[in-house]
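Remarks on the structure that follows.
Here it is, written out as structure tokens:
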């Protein structure tokens, strides 16, 4: 018997992340008669065969909203399988446009503050984007072997507008409250390791679960933490556990060869895309990468990139 997934139609869609001068985001509501009707979405539409993504986005936003787009960049790619449809969504951040968006096809269109985005009902393929909009594109892991003053110096050089930091080796250290205070003072989002109560007590933006902690975790013990929970995932079993626990973010590795784990075979970008496809999480790619790999990561299903040596200030 053939795989039932083979008969599921496939489409490619491009959608725009559009902001106004106040940082609000443009959302439109899908017509009731369409697939996922009645839900809110980031506006866009189908990509025609052979059509470039930027061209498709400009065409769709002009047809739907009356906007003239003159500049955009990759934001995130989501590959999702609904029971009746397989869709690849290329989200593009609209950098330059003219016009005021309005529903040219009769659909409701609204400017929504970022803080209110998660209150809207989205199709499953749009939900990771709603969270990613609140997260930094770079996730910096503090190198091992540093003394506390060197860590503080490094934290002071990170950019809170585009970077978050994982205090991996310091999460159970007596210096953690001082490092956490340094992050809070600078508005730098930080993650601690494996301990939900500790993360809540220190006001962490996130709790990161090692694979060991992920596989042993229960929903009840994680429910008391209000921040973003992420998980270290190297295989499909870990990703399925993250989904079962309703964990929204996964750090997937290794994409490329790393100096810290030279004996582990990298999955490559094709392997990364295959592993993450169809799983509605916010993905960070880790392993042998640098900030320069962000665009490539976003083209293969990630939102952000993570690392140690190429991300930490002052490390060659």
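Numbering (the numbering used here), first residue to last: 338 to 653. Built from N, CA and C at the ideal position, the CB exists for glycine as well.
- prompt: If we call anything under 8 angstroms between Cβ atoms a contact, is residue 407 one with residue 635?
  reply: No, they are not a contact pair.
- request: Within 10 angstroms of the Cβ of residue 630, are there 16 or more other Cβ atoms? Answer buried if so, exposed if not.
  value: When all chains shown are included, residue 630 counts as buried.
query: Are the Cβ atoms of residue 493 and residue 523 separated by less than 8 angstroms?
result: Cβ atoms of residue 493 and residue 523: closer than 8 angstroms.
message: Let me check understanding here. Comparing Cα to Cα, which of 419, 480, 440 and 411 lies closest to residue 651?
response: Closest option to residue 651, Cα to Cα, is 480.
task: Within its chain, find whatever has a CB closer than 8 angstroms to the CB of residue 649; leave out the 5 residues flanking it on each side and keep chain order.
output: Cβ neighbours of residue 649 beyond the five flanking positions: 477, 478, 479, 480 and 491.
- prompt: For residue 426, which option in 401, 378, 468 and 351 has the closest C-alpha, if you only look at C-alpha atoms?
  reply: Put simply, of 401, 378, 468 and 351 the residue whose alpha carbon is nearest the alpha carbon of residue 426 is 351.
- prompt: How is the beta strand (DSSP E) around residue 599 delimited, first residue to last?
  reply: Counting along the chain, no beta strand (DSSP E) covers residue 599, and no H or E run does either.
query: Which of helix, strand or coil does DSSP assign to residue 498?
result: Of the three classes helix, strand and coil, the one that applies to residue 498 here is coil, per DSSP.
query: Using the C-alpha atoms, what's the distance from residue 514 back to residue 434?
result: So the alpha carbons of these two residues sit roughly 44 angstroms apart.
message: Using only CA atoms, which one of 449, 349 and 474 lies nearest to residue 359?
response: For the set 449, 349 and 474, the Cα lying nearest the Cα of residue 359 is the one of 449.
query: Under three-state DSSP, which class holds residue 538?
result: Three-state DSSP puts residue 538 in a helix.
message: Quick test of the definition: if touching needs 3 or more C-beta pairs under 8 angstroms, does the region 451 to 467 touch the region 544 to 555?
response: In short, these stretches do not touch, since the Cβ pair count stays below three.
message: Helix, strand or coil for residue 342? Go by DSSP, reduced to three states.
response: With a pLDDT of 46 at residue 342, under the threshold of 50, the predicted position of this residue should be treated as unreliable, though the coordinate-derived value follows. Helix, per DSSP.
- prompt: Starting from residue 607 and walking both ways along the alpha helix (DSSP H), at which residues does that stretch end?
  reply: Unbroken alpha helix (DSSP H) run through residue 607: 605 to 613.
Span separating the alpha-carbon of residue 390 from that of residue 621: Each residue's Cα considered, the two are about 22 angstroms apart.
- prompt: Cβ of residue 405 within 8 angstroms of Cβ of residue 436?
  reply: Yes, these two residues count as a Cβ contact at 8 angstroms.
query: Residues in its own chain within less than 8 angstroms of residue 468 by CB, not counting five upstream and five downstream?
result: Exclusion of the five residues before and after residue 468 leaves 455, 565, 585, 586 and 619 as the residues of its chain whose Cβ lies within less than 8 angstroms of its Cβ.
- request: Inspect the beta-carbon positions of residue 624 and residue 590 and report whether they are closer than 8 angstroms.
  value: Yes. Within cutoff.
message: Taking its Cβ as the centre, do 16 or more other Cβ atoms sit within 10 Å of residue 416, making it buried, or is it exposed?
response: By the neighbour-count rule (16 or more Cβ atoms within 10 Å), residue 416 is buried.
query: How about residue 410 and residue 397: are their beta carbons less than 8 angstroms apart?
result: No, the Cβ-Cβ distance between residue 410 and residue 397 is not below 8 angstroms.
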